[in-house]
Amino acid sequence: MTTSEGAVRLPAPPGEAELWAAAQRGDRAAFTALYHQHAAAVWSQAYRLTVTLPAAEDVLAATFLTAWRRRGDVRLVDGTALPWLLTVASNEARTDWRRTTRHKRLKLRVGPPPDVSDHADTVVASLDDRRRLHQVIAAIAELPTGQREAVALCLVAEVSHADAARALGISEVTLRSRIHRARTRLRTLLPEEVR
Amino acid sequence: MNELDLPPAPPLPAEVRERALQTVLAGLDAPPRQRRPFLLAAAAAAVVVTLLVTTTFALSGFGPGERPPPRVASIPHGIVGWPLSDGSDKSFVDRCGNAVEHSDQSQFYGPPDEWKVTSAVGTGALETDVIIDDFFACLLTPGATIFSENIASASAGTPIPGNVSVTRMAPGKLVFLNPDDRRLIVGPRSNPDKASEIKDANVAFYDINDDEAPEMIQVQVIDRRTGETLYDGPLPEPEDATRYVDRELPKRTGSPDDAVLDACIAKAPTHVFSDPGSWVPFGRHEIEGAPPLLIARVGDVGVGFCELDPPATDLPDYYRAFDGFPLPPLDDPTRAKMVRWAHPTGPDPFAIIRIPPKVVRAEMLATPENGEPRTVECSVLDDLAVCSMDRPPESDNVYRYTYTTYESMDPQSPGLSVE
């Protein structure tokens, strides 16, 4: 479903609230059901913010592990926790990104990186594209937390402003303000990428 | 494709879905990952430029000499509210939030408890320019809170081509809203060298200098990416911002000094006093040998003065303009407190002191390092004392000043030290 603004209005799967309630009581079967319900969407977000299949897989698992530990804090928007999960995934992706970046810097000190291709090469066709994507993700990763979460939900996952605001527990006006400031910042860093 | 042109994700492979699930299930009983605690580094940088005038207060019991009769003013000035703000971000947000919530536009600003102050700059005597979340502007004056529309508002201010708009916060103070981060250059048309670019802000105050009539201001809006000039022309007539009167201040009573005070305030740059009418003539300080002063008040929160016949000096014109400043409360209700030592190195130094309610007389003793001490009588204007030197200080001498207050006109009554 798409709103007039082009943002995805998240459906409200029946019974999700009950599944979270059961998970909060320790029901692993309920949590597994929730995993299957949201794994594809979380994967998509994880991939967009890491651009490699192995990293996206790590982020997918880390997101649901964090969700299990914080299942008492889950925030449902229109009956679904997906915006909240996407926020968790975005934060996990940033952690993964920064860890990988540190690792890459270390490798550069000891010698050129090995020329190893992975599945991402089939998606990211050229080195320029890869460099561009990395610049975008690096710029997002450096945004202040509030702006980064707003960008991850609204500009990357294309969650509607209303749902994103509720998932983040802020007003829609505040959300729009954060997105505006993030756009301004990203436009400075990536003048060719941000419209 | 999303706004950032990040690539679409490939479908989640079934084997990845299953492998990740097993990782999750295997980790459900594991303790949480150890995270390094955040090290919060709070850096507070405060640049304080202070003109220090060292004045010594000491106990003194000298009796009065020949002196003119003191004047007592009785203009009502009691209002609540010192301090207007404690200078904290929270106090600014509280006051702006109160104003916005009393308007019919509060739904467009979000809840104030989510606001953060982007910048707060004290200007003039008792005013603060506040920008909230780089989203809208708030001007705090002693009696009113004036707020602009915000950058998400479709009808914000007077539009300028390039999606910029301008709002008048006060006669000498504008706010530009620039949501698209255009290059925005503003300045006097007659002197392009004085034009300046408003940078790194979507919301910015602009003070109109005294040599800049609003109709003489030139505005340039340039697209940063293409370099295209979107507007280069005069400042359009700005719409007035929303004004919320959040406290009643004493009003002028039609005194002949009103016009004198207005003329004096008009000598100050336009943006310094956003609400000149809030200043009320309070009394005159007139002693032989020193320029007469007109003292004005903003209720209980501000005091200022105007020299009515200033000595000829080579000091700039604003030396003759009205000067106002906050009026602090007494720390001890029985002891006087220095408010302002004015023109300490000029030809006509004087002090304004806040005095306890029962004080009817005050004196200032100036003791030079080399020479004889001199005593001057102070004017008592209700809860203020104004003490002028009756001759300019010698530039090569060092002075020690002592203030003494009395609760009786009896020349034999003991004085009370001021420390």
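Sequence order for the protein chains is G and F.
Read in the working numbering, the first sequence has 71 at position 71, and its numbers run on one by one without any break.
Read in the working numbering, the second sequence has 1077 at position 77, and its numbers run on one by one without any break.
Glycine included, C-beta positions come from ideal geometry on N, C-alpha and C.
Small disclaimer: the values here were computed from a predicted structure and weren't measured.
According to DSSP, simplified to helix, strand and coil, what is T50 (chain G)? Of the three classes helix, strand and coil, the one that applies to T50 (chain G) here is coil, per DSSP.
Counting only runs of 3+ residues fully inside the segment 1188-1251 of chain F, write out the beta strand (DSSP E) ranges in chain order. Scanning the segment 1188-1251 of chain F from its first residue to its last, the whole beta strand (DSSP E) runs of 3-plus residues come out as 1196-1198, 1203-1207, 1217-1222, 1229-1234 and 1242-1245.
Endpoints, the beta strand (DSSP E) within which C154 (chain G) is located: First-last for C154 (chain G): undefined, no H or E at that position.
Helix, strand or coil: how does DSSP classify F1135 (chain F) here? Of the three classes helix, strand and coil, the one that applies to F1135 (chain F) here is coil, per DSSP.
Of all Cβ atoms in chain F, is any one closer than 7 angstroms to the Cβ of S160 (chain G)? No - not a single Cβ of chain F is within 7 angstroms of the one on S160 (chain G).
Endpoints, the beta strand (DSSP E) within which E1114 (chain F) is located: Counting along the chain, E1114 (chain F) falls outside any beta strand (DSSP E), and DSSP gives it neither H nor E.
Can the beta-carbon of I1185 (chain F) be found closer than 7 angstroms to that of Q1220 (chain F)? Cβ distance < 7 angstroms, so I1185 (chain F) and Q1220 (chain F) count as in contact.
Taking C-alpha atoms, which residue in F:V1398, F:P1357, F:E1149 and F:P1010 lies nearest to P1368 (chain F)? Closest by C-alpha distance to P1368 (chain F), out of F:V1398, F:P1357, F:E1149 and F:P1010, is F:V1398.
Contact check, P1161 (chain F) vs L1261 (chain F), beta carbons under 7 angstroms: Between P1161 (chain F) and L1261 (chain F), the CB-CB gap reaches or exceeds 7 angstroms.
With a CB to CB cut of under 6 angstroms and the five nearest residues on each side skipped, what residues in its chain are close to P1276 (chain F)? So the qualifying residues of the chain are I1265.
Does the beta carbon of W84 (chain G) sit closer than 7 angstroms to a beta carbon anywhere in chain F? Chain F places no beta carbon closer than 7 angstroms to that of W84 (chain G), leaving this residue out of the contacts.
Just to confirm my understanding: we take A1170 (chain F), look at its own chain, exclude 5 residues before and 5 after, and list those with CB closer than 8 angstroms. What are they? Same-chain partners within the cutoff: L1139, T1141, I1146, H1271, S1274 and D1275.
Please list the residues of the segment 1320-1349 of chain F that have a C-beta atom closer than 8 angstroms to any C-beta atom in chain G, keeping them in chain order. Using a CB distance below 8 angstroms, no part of the segment 1320-1349 of chain F faces chain G.
So, using beta-carbon positions, are P1238 (chain F) and T1158 (chain F) closer together than 7 angstroms? For P1238 (chain F) and T1158 (chain F), yes; Cβs fall inside 7 angstroms.
So is F1147 (chain F) in contact with chain G if we call contact Cβ pairs under 7 angstroms? F1147 (chain F) does not count as touching chain G.
Along the segment 1107-1129 of chain F, where does the CB come closer than 7 angstroms to a CB of chain G? Name the residues. For the segment 1107-1129 of chain F, which is checked against every Cβ of chain G, the residues closer than 7 angstroms are F1108, Y1109, G1110, P1111 and E1114.
So which of F:P1333, F:P1112, F:P1347 and F:I1353 has the shortest CA-CA distance to W1341 (chain F)? Taking only the C-alpha atoms, the option nearest W1341 (chain F) is F:I1353.
Using C-beta distances below 6 angstroms, list every residue in its chain close to V156 (chain G), excluding the 5 sequence neighbours before and after it, in chain order. If we look at V156 (chain G) and ignore the five residues flanking it on each side, its Cβ neighbours are R48.
Does T52 (chain G) get closer than 7 angstroms to chain F when you measure Cβ to Cβ? No, no contact with chain F.
Where V1203 (chain F) and A139 (chain G) are concerned, what is the direct C-alpha to C-alpha distance, given to the nearest angstrom? Per the coordinates, the alpha-carbon of V1203 (chain F) lies some 23 angstroms from the alpha-carbon of A139 (chain G).
Find the residues of chain G that neighbour D1480 (chain F), judging by a C-beta separation of less than 8 angstroms, and give them in chain order. As displayed, chain F neither begins before 1001 nor continues past 1419, which places residue 1480 (chain F) out of reach and without an answer.
In this structure, does DSSP put H1285 (chain F) in helix, strand or coil? Judged by DSSP in its simplified three-state form, H1285 (chain F) adopts strand.
Are C1387 (chain F) and M1364 (chain F) touching if we call contact CB-CB under 7 angstroms? Yes, Cβ-Cβ distance for C1387 (chain F) and M1364 (chain F) is below 7 angstroms.
Taking P1281 (chain F) as the reference, give the member of F:E1288, F:P1269, F:A1268 and F:D1258 with the closest Cα. Among F:E1288, F:P1269, F:A1268 and F:D1258, the Cα nearest to that of P1281 (chain F) belongs to F:D1258.
Using three-state DSSP, classify T1402 (chain F) as helix, strand or coil. DSSP, reduced to helix, strand and coil, places T1402 (chain F) within a strand of the structure shown.
Check the C-beta distance from A164 (chain G) over to A150 (chain G) and give it rounded, since I have them as a contact under 8 angstroms. Cβ atoms of A164 (chain G) and A150 (chain G) come within 8 angstroms of each other, at about 7 angstroms.
Report the CB separation of I1355 (chain F) from A1362 (chain F) in whole angstroms; it is logged as a contact under 8 angstroms. Correct: roughly 6 angstroms between the Cβ atoms.
Rounded C-beta distance between A61 (chain G) and T1023 (chain F)? I'm assuming under 8 angstroms. In this structure A61 (chain G) is in contact with T1023 (chain F), their Cβ atoms being roughly 4 angstroms apart against a cut-off of 8 angstroms.
Hey, out of G:V51, G:L190, G:H38 and G:T52, whose CA is closest to T87 (chain G)'s CA? Closest by alpha carbon: G:H38.
I need the straight-line Cα distance from V1303 (chain F) to G1172 (chain F), nearest angstrom please. Between the alpha carbons of V1303 (chain F) and G1172 (chain F) lies a distance of about 21 angstroms.
What is the rounded straight-line gap between the Cα of L153 (chain G) and the Cα of I1217 (chain F)? Cα to Cα, L153 (chain G) sits roughly 42 angstroms from I1217 (chain F).
At least one CB of chain F closer than 7 angstroms to the CB of S90 (chain G): is that the case? Judged by the 7 angstroms Cβ criterion, S90 (chain G) is not in contact with chain F.
With the cut-off set at 7 angstroms, would you say V1175 (chain F) and A1120 (chain F) are in Cβ contact? No. Outside cutoff.
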